[in-house]
Structures are given as C-alpha cells and as structure tokens.
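Student: Residue numbers for the sequence shown follow my numbering, beginning at 681 and rising by one.
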Amino acid sequence: MMSQSPKQQGGFMLIEVLVAILIFSFGILGLVGLQAASTANSISAEDRSQAALLTDNLVAILWSKSKLVNGSCDLLCAADGGNAKDYANWQSKVKTAFQGGAGVATLDASNPALVTVSITWTAAVKTAVKTAADTGGSSNKKTASAAASHSYNTEVVVQ
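#1: Looking at T719: is its Cβ nearer than 8 angstroms to the Cβ of T834?
#2: Answer with buried or exposed for V697, where buried requires no fewer than 16 other C-beta atoms within 10 angstroms of its C-beta.
#3: Enumerated in chain order, which unbroken segments of the alpha helix (DSSP H) with a length of 4 residues or greater are wholly contained in the region 691–754?
#4: Quick check: W801 and Q779, are their CB atoms within less than 8 angstroms of each other?
#5: For the alpha helix (DSSP H) that contains A777, what are its first and last residues?
#6: Identify the residues that DSSP records as bridge partners of N833: which are they?
#7: Apart from the five residues on each side of it in sequence, which residues of its chain come closer than 6 angstroms, Cβ to Cβ, to Q827?
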C-alpha cells in the first residue's frame, strides 16, 4: 500500500470536523425538541390535575350535603343551606383556574345519587406557520397560537 503524503491529505481533517459538528448539531436540536415537547406535556398534565382537584372539591361538597344524598333535593337546591351557593362558588373557581373554563355537574334522573361532573377549558397551542411572504426555499416561520379544547369528565355516586 502506498501512503499518501501529508500534502495530498490536506483539508481531510477539516471535513471530518465539519461532519462531526453537523451530527452534534442535529443531536442538540433533537434534545431541544424533546425538551419543548416535555414542557408542553407537563403543562397539559398540570391542567388535568387541576381539573381532577376541582372535581374532587365539588364531590366533597356534595357528599357533605345530606339532602342530595337522600334524593329530597337536586344539585342546586337552595332551601335550608342547599348547594346553590357552593355550586356557584365552584363554577367560579373553574373559570378562574382555566382560560375559557366551564364546570357543570348534572344528576342522573333515574339515580339522583349519580353525579356527572364535566370541566372543559381552552388551552393555547403554539404551532409554526409559514408566512404568506415565504417563497420556495425560504425557511421563515412564525409561531401562531391556536386554541385546543380539553375536557375532564367523571361520574361519581354520592352516598
């Protein structure tokens, strides 16, 4: 085998370094994307946890009201310290906790002890959108926010 002289190998190490930097850059970009997805999922999980806590709060209030349990009063019964004020306060907490949030609790007509609690909210989702001024080969992108609707539903037997 013939060995090449150093003069003929000139620049080869530079190409190796550039390829290594390119591979390393793609790895770093992948890690940044993974971190962004992790953050988005963490925020979504926090919202679902908050919805579960608010649902638990309402169910605890309803369990403490014997009129609802024995079926002599519906969910919004206002007589003798009924649930109307507590229910309105709970709905206010849902609106405060979530942007565009709404909370609804309904009773099953055939089984007044069965309560369905639903919380819905709108969360902003960031997406990359190409602008109208972009032409072929251009990589100009803008971040836009879109609304994504979420809901948390559960059925509880209040006894």
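Even for Gly, the Cβ is constructed at its ideal location relative to N, Cα and C. All of these numbers come straight from a predicted model, not from anything done at the bench.
Tutor: Let me spell this out:
#1: no
#2: V697 is exposed by the Cβ-count criterion.
#3: 692–743, 746–749
#4: yes
#5: 764–777
#6: S798
#7: This sequence places Ala at residue 827; Gln is not what is there. If we look at A827 and ignore the five residues flanking it on each side, its Cβ neighbours are T802.
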